[in-house]
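See below for the structure under consideration.
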Amino acid sequence: MADLNTDNPIITLTTDFDLSDNYVGILKGIIGGLNSFARIIDNTHGIHKYNINSGCYSLETSFKYFPRGTIHLAVVDPGVGTTRKALLIETADFYFIGPDNGLFSFLHGKDIKRIISLKNRKYFLKEISSTFHARDIFAPVAGYLSIGISPDEFGPKINKMEKIKSNRIRRTKAGLSGEILHIDSFGNIVTSFRHNNLPDGSFMVYLVENKIGRLKKTYGSVKTGKPVAYINSFGYLEIAVSSGSAADDYSIDYMSKEKILIATS
Amino acid sequence: MADLNTDNPIITLTTDFDLSDNYVGILKGIIGGLNSFARIIDNTHGIHKYNINSGCYSLETSFKYFPRGTIHLAVVDPGVGTTRKALLIETADFYFIGPDNGLFSFLHGKDIKRIISLKNRKYFLKEISSTFHARDIFAPVAGYLSIGISPDEFGPKINKMEKIKSNRIRRTKAGLSGEILHIDSFGNIVTSFRHNNLPDGSFMVYLVENKIGRLKKTYGSVKTGKPVAYINSFGYLEIAVSSGSAADDYSIDYMSKEKILIATS
Amino acid sequence: MADLNTDNPIITLTTDFDLSDNYVGILKGIIGGLNSFARIIDNTHGIHKYNINSGCYSLETSFKYFPRGTIHLAVVDPGVGTTRKALLIETADFYFIGPDNGLFSFLHGKDIKRIISLKNRKYFLKEISSTFHARDIFAPVAGYLSIGISPDEFGPKINKMEKIKSNRIRRTKAGLSGEILHIDSFGNIVTSFRHNNLPDGSFMVYLVENKIGRLKKTYGSVKTGKPVAYINSFGYLEIAVSSGSAADDYSIDYMSKEKILIATS
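Protein chains in written order, with this note's numbering: chain H, 1 to 265; chain R, 1 to 265; chain E, 1 to 265.
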């Protein structure tokens with residue numbers, strides 16, 4: 001069971017709300033009102049709008065850097081107010097709270113202790129809107145969990161949760177073909193290749209028909225303005241332009257279907 | 001009198017400063033230096049530049065979600081350094097600090113206990129600039145208030161404050177005509193209709209000449225890419241495009257004067 | 001020696017990471033895991049990408065507004081993973097942590113107590129990537145420093161650090177010629193003139209060939225939409241458009257080489 005720090009637990013927030021509205025502030029007001037010792041940390045609110053894959057990548061690559069017992073609240077929720085379930089998931093080390101739409105797919109195959117379907121209105125706001133469950137359900141549940149309310153109090157146990165498709169590497173005649181997983185604010189392009197999906201020997205990386213080069217160590221391994229491929233700090237193959245933006249230089253955006261090609265040679 | 005939590009009070013910040021400069025960081029440094037137990041929470045710094053209406057909507061829709069005794073510091077201040085007054089307002093449950101330019105108009109008719117004109121330089125920074133009173137006056141006043149300095153210490157009581165116009169619904173031949181109050185980062189268009197301004201029976205919502213439809217429950221009540229009108233989670237009539245952006249699809253921006261029409265039929 | 005508040009020290013973050021990815025959240029997770037009482041404050045994450053001058057201006061103008069003992073962690077690091085050193089700098093009142101690339105140039109000539117080259121892997125994450133030293137080195141060092149680990153523990157003392165060029169004012173036939181130092185989110189243009197670089201008598205400010213006017217007190221000193229020059233709240237000559245954007249009106253961006261001219265007359 002995740003060992004919750006009830007003295008001053010960390011609650012992280014991951015959403016596609018952006019910071020330009022008051023939505024995130026309101027979540028913090030509700031949590032802060034329930035637990036005056038909670039440390040509320042923004043993981044990010046820059047998830048691409050409605051993009052569950054993007055939210056999944058962001059959570060998957062950051063949750064482990066928080067201390068044991070951290071509560072991760074995540075909301076990318078195009079189906080809010082419909083029949084999709086609301087979840088509290090407990091793993092060996094962490095809690096996760098959010099909608100049941102595949103956002104927590106990276107937890108499949110991991111050590112999940114229990115999945116709770118959030119049902120107990122005692123721990124929600126009094127009035128539940130149809131469009132802002134982050135405020136009305138998820139934030140208060142995180143607040144109550146952080147002061148020591150038992151997970152089982154929030155609703156019945158369930159056996160499974162939604163999962164997004166993630167088979168994103170294919171073998172082709174030319175080599176291996178992967179996809180774009182994320183583009184960060186530097187214009188760095190994260191691909192779906194993990195370090196352990198790559199060939200053993202030397203290989204060449206292409207972005208569509210553009211030759212990027214062989215694997216390097218870091219941005220500064222090439223000259224300013226030149227493209228560079230390397231394993232990013234989370235273990236994924238990434239393509240950047242040194243002191244520039246690969247996304248701009250290759251006209252790639254987040255929804256691009258362009259392929260990344262790995263050619264052994 | 002607002003019951004200030006002097007153990008670890010919440011101070012919220014609402015500005016049009018954006019987060020891309022160090023202005024907000026500096027406010028937190030000053031407050032954190034005066035009160036090492038204050039919990040400083042960003043309501044939002046994405047208020048449309050110089051737009052007092054936008055600041056007013058943001059504060060009005062979020063202040064109640066914070067616990068009793070919260071200090072709300074708000075700065076949208078095109079008149080900084082001129083003769084506009086600086087205010088501390090106390091209501092039954094909250095404190096508000098900021099410029100006297102209508103930003104706190106939503107408090108008119110509410111239970112205002114006292115309005116203080118901030119004058120006592122003892123609680124300001126030593127040097128007062130003409131362009132950054134958030135730093136020189138409002139942040140230190142919030143810090144001192146949060147450690148228990150009495151409101152009356154900061155300056156004399158005054159009887160009134162500025163108010164912005166807000167009569168934003170008109171009866172026309174075709175039905176009711178309202179205005180755009182806010183556009184959020186999803187491209188959702190908040191209108192000036194509150195749920196209690198709407199006709200009792202069935203009605204049709206139009207954005208200028210575009211038929212949006214009858215009232216629905218939530219985004220997912222229509223297909224992806226389709227427009228939808230609903231009562232938002234703060235009680236206002238809002239227009240969205242499911243998993244899209246209504247502002248983009250109808251080429252509406254924040255300053256648009258386009259009308260929203262409610263036609264009973 | 002900087003008097004560190006080990007009860008609940010402030011650690012500020014200044015980066016060019018933006019908030020749209022999870023990078024900043026991860027730094028806070030690591031620091032929060034090492035010190036559950038640290039108060040982590042974003043100075044800003046909006047430093048122009050790879051722009052060390054921009055980071056330097058942001059730090060220089062904000063660090064003093066934080067209480068004595070504050071740890072300032074700053075990362076604008078195009079050379080990450082190359083041979084550039086990693087630093088901990090102690091001044092009379094503050095600590096600074098970040099890459100040795102000129103980011104801390106404003107400290108030259110100030111009261112520097114010691115400069116440490118960060119070498120001791122005991123205080124780094126176990127695995128050091130080549131592209132994210134903010135996570136692997138700087139954040140954990142800030143966390144350990146904040147709980148009282150002595151600066152000397154982190155590595156050997158060194159005698160100097162990198163410095164960026166900053167001779168940005170020239171005397172010309174027409175008067176004094178300066179440069180653009182920063183453009184803020186309001187479109188206000190900060191110039192390289194400090195108040196003590198300006199002529200004693202009356203003078204006229206030009207942005208390239210555009211006459212801005214004589215020095216005024218604040219934005220509201222001119223009519224809405226009109227340009228205005230004034231000493232900003234940090235002591236620099238700044239050019240704005242009242243309730244508008246000087247950067248937009250004069251088509252100036254951050255990398256503009258346009259000159260600001262001061263003509264005495």
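Glycine included, C-beta positions come from ideal geometry on N, C-alpha and C.
Note that this is a predicted model, so its numbers are computed, not measured.
| message | Pull the bridge partners of D42(E) from the DSSP assignment, please. | response | L13(E)
| task | Determine the extent of the beta strand (DSSP E) in which S192(R) is found, giving its start and end residues. | result | 189–194
| query | For I158(E), is the classification buried or exposed, using 16 other Cβ atoms within 10 angstroms of its Cβ as the cut-off for buried? | reply | I158(E) is exposed by the Cβ-count criterion.
| query | For the region 37–58 of chain H, which residues have a beta carbon sitting closer than 8 angstroms to at least one beta carbon of chain C? | reply | In summary, chain C is missing from the structure at hand, where the protein chains are H, R and E.
| query | For F96(R), which residues does DSSP report across the bridge? | reply | H72(R), I89(R)
| Whose CA, out of I40(H), T83(H), P67(H), lies closest to the CA of A74(H)? | Comparing Cα-Cα distances from A74(H) to each of I40(H), T83(H), P67(H), the minimum goes to I40(H).
| For R121(E) and chain H, any beta-carbon pair shorter than 8 angstroms? | no
| Sorted by chain position, which residues of the same chain lie with C-beta nearer than 7 angstroms to S62(R)'s C-beta, five sequence neighbours on each side aside? | N43
| query | In chain order, what residues of the region 3–19 of chain E put their CB closer than 9 angstroms to some CB of chain H? | reply | Flagged, chain order: D16, F17, D18, L19.
| Relative to chain H, which residues along the region 199–212 of chain R have a C-beta separation below 8 angstroms, given in chain order? | none
| query | From N120(H), I10(H), L261(H), R168(H), pick the residue whose C-alpha is nearest to that of G25(E); which is it? | reply | I10(H)
| request: Could you check which residue in I180(H), E90(H), F37(H) has the C-alpha nearest to that of A247(H)? | output: I180(H)
| query | In chain order, what residues of the region 71–101 of chain E put their CB closer than 7 angstroms to some CB of chain H? | reply | P78, G79, V80, G81, T82
| query | So what's R84(R) in DSSP terms, helix, strand or just coil? | reply | coil
| query | Three-state secondary structure (DSSP) at P227(E)? | reply | strand
| query | From the beta carbon of S245(E), is the nearest beta carbon of chain H less than 8 angstroms away? | reply | no
| field | Partner residues on chain H for F132(E), Cβ-Cβ distance less than 7 angstroms | value | S233
| query | If contact means a Cβ-Cβ distance below 7 angstroms, which residues of the region 180–200 of chain E contact chain R? | reply | D184, S185, F186
| said: By the three-class DSSP mapping on this structure, what secondary structure does K259(E) have? | reply: coil
| field | Contact set for E162(R): own chain, Cβ-Cβ below 6 angstroms, skip 5 residues either direction | value | Counting only residues of its own chain and dropping the five nearest sequence neighbours on each side, E162(R) has a CB closer than 6 angstroms to the CB of D100, N101, G102.
| If we ignore side chains and look at the alpha-carbon of each, how far apart do L215(R) and L261(R) end up? | 13 angstroms
| query | How many Å lie between D7(E) and S202(H) at the Cα? | reply | Taking the straight line joining both Cα atoms gives about 52 angstroms.
| task | Answer yes if the region 123–138 of chain R comes into contact with the region 216–223 of chain E, meaning at least three C-beta pairs across the two stretches below 8 angstroms, and no otherwise. | result | yes
| task | Would you decide whether S233(R) is buried or exposed? Buried here means 16 or more other CB atoms lie within 10 Å of its CB. | result | buried
| query | Quick one, are the C-beta atoms of V80(E) and N51(E) less than 8 angstroms apart? | reply | no
| said: I need the straight-line Cα distance from H195(E) to A134(E), nearest angstrom please. | reply: 35 angstroms
| request: Spell out whether any CB of chain H is found under 8 angstroms from the CB atom of G33(R). | output: no
| said: So that I know if they touch, is there some Cβ in chain R lying closer than 8 angstroms to that of Y219(E)? | reply: yes
| Under a CB-based cut-off of 8 angstroms, is G143(E) close to chain H? | G143(E) does not count as touching chain H.
| Pairwise C-alpha distance: I169(H) and K217(H) | 23 angstroms
| request: Can you say whether A174(R) is buried or exposed, counting buried as having 16 or more other CB atoms within 10 angstroms of its CB? | output: exposed
| query | Exposed or buried, which one is T191(E) when buried takes at least 16 other CB atoms within 10 Å? | reply | buried
| Own chain partners of L275(H) with C-beta closer than 8 angstroms, once the 5 adjacent residues on each side are dropped | Since the first residue of chain H shown is 1 and the last is 265, residue 275(H) is not available in this structure.
| request: Could you tell me whether any Cβ in chain R is nearer than 8 angstroms to the Cβ of P227(E)? | output: no
| When the Cα of I137(E) is compared with those of A86(E), Y206(E), I164(E), which residue comes out closest? | A86(E)
| said: Do F124(R) and E60(R) count as a contact pair if the criterion is CB distance below 8 angstroms? | reply: no
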